[in-house]
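For the protein sequence lines, the chains are A and B, in the order given. The opening residue of the first sequence carries number 1 in the numbering used here; numbering runs sequentially from there. The opening residue of the second sequence carries number 1001 in the numbering used here; numbering runs sequentially from there.
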Amino acid sequence: MLDTALFYIFAALTLGGGVLTITRRSAVHSAIWLITSLLGVAGLYLLQRAEFLAGVQVILYVGGIMVLFLFVIMLVNLDQAAKEKRFSGQKWIALACVAAVALQALWFVSKGAGRFTLGQPSIAGENLGNSEHVSRVLFSQYLLPFELASILLLVAIIGAVVMAKKRI
Amino acid sequence: MHPITTVHYLFLSAALLLVGTIGVLTRRNIVVILMSIELILNAVNINLIAFSRQLGNVNGQVFAIFVITDAAAEAAVGLGILIALFRNKETVNADEVDILKW
């Protein structure tokens, strides 16, 4: 019961924050609403027993990436952009996307949830989501992707520094 | 009230992905377009976590960590490109950057 209520609260935070992110005129307001949305997603992770990821979401997304966004909004002069029109003329493609997803959802609802099987749980994962369990898998089974991710971050650092130089 | 199942999370994820897609397609401000991409990546993460819970193993959570890493790298490079663009073209609107068009 409490889980159900919390799910709907966090889902409303996530979706409402997302919608307000893409509709606000000022980029700073968009960033604030995106933070709301990301915190809602962190709450959903907690509901799904992914505590480590909830912490990573708050620290890395809200604490890292969003600060980066706000910093760039500060560097880039957006006062003039806030006065211009917000949307470009691609609304028909966007409407097509909405129609496609709505059709899929309607199809799913009309078939009924019983017609679709989602796969059975392999093991009972009661202590699932604690950082020990995640780190065991991350540092044994996914060691090579982990190292590749570090290379990706190195490339991103170099790319960001080169892009932000005075003369390219 | 029904209990919350994986399907609820899938619908939420689809809706969030849709919101992000609309943002990428319709907004002109490149900063907001990058924020919409973050929304899309979060939708993918919700999906991964829901199936991780459903199947009872942590592989989905490990993938979600990689997705967050990619999001950080993408944001850093994207905002770096944005600063370089603003320095050269004095605009942050995606439809005014059309020097590759002919």
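Here a beta-carbon is modelled for each residue, glycine too, at the ideal position from N, C-alpha and C. Since the structure is predicted, the reported quantities are computational estimates derived from the model, not experimental observations.
- Near chain B, meaning a CB-to-CB distance below 7 Å, the residues of the stretch 7 to 23 of chain A are F7, A11, T14, L15, G18, V19, T21, I22.
- For A/G55, not one C-beta of chain B is nearer than 9 Å to its own C-beta.
- Sixteen is the threshold: when 16 or more other Cβ atoms of the shown chains lie within 10 Å of the Cβ of B/I1065, as they do, the residue is buried.
- The contact set of A/R86 on chain B, defined by CB atoms closer than 9 Å, consists of T1026, R1027, R1028, N1029, V1032 in chain order.
- Taken through DSSP and simplified to helix, strand or coil, A/F116 comes out as coil.
- Interface annotation for the stretch 90 to 101 of chain A against chain B: Q90, K91, I93, A94, C97, V98, V101, criterion Cβ-Cβ distance under 8 Å.
- In this structure, B/V1097 keeps its C-beta atom at 9 Å or more from the C-beta atom of A/G159.
- With fewer than 16 other beta carbons inside 10 angstroms of its own, A/G112 counts as exposed.
- With contacts defined by Cβ atoms closer than 9 Å, A/M74 and B/A1084 do not form a contacting pair.
- Per DSSP, reduced to three states, the secondary structure at B/N1093 is strand.
- Residue burial annotation: A/V155 is exposed, with fewer than 16 other C-beta atoms found within 10 angstroms of its C-beta.
- Remark: C-beta atoms of A/T36 and A/L46 do not approach each other more closely than 9 Å.
- Residue range 2 to 23 is occupied by the alpha helix (DSSP H) that includes A/A11.
- Going by DSSP, A/R136 is part of the alpha helix (DSSP H) stretching over 131 to 140.
- Taking C-beta atoms under 8 Å as the contact rule, A/A105 and B/A1043 fail to qualify, at a distance of about 14 Å.
- In summary, B/S1052 is buried, with 16 or more beta-carbon neighbours lying within 10 Å of its beta-carbon over all protein chains present.
- The Cβ of A/R49 sits closer than 9 Å to at least one Cβ of chain B.
- By the C-beta density criterion, A/N130 is exposed, having fewer than 16 other C-beta atoms within 10 angstroms.
- Contact note: B/V1067 does not reach chain A at a C-beta cutoff of 8 Å; the least C-beta distance is about 10 Å.
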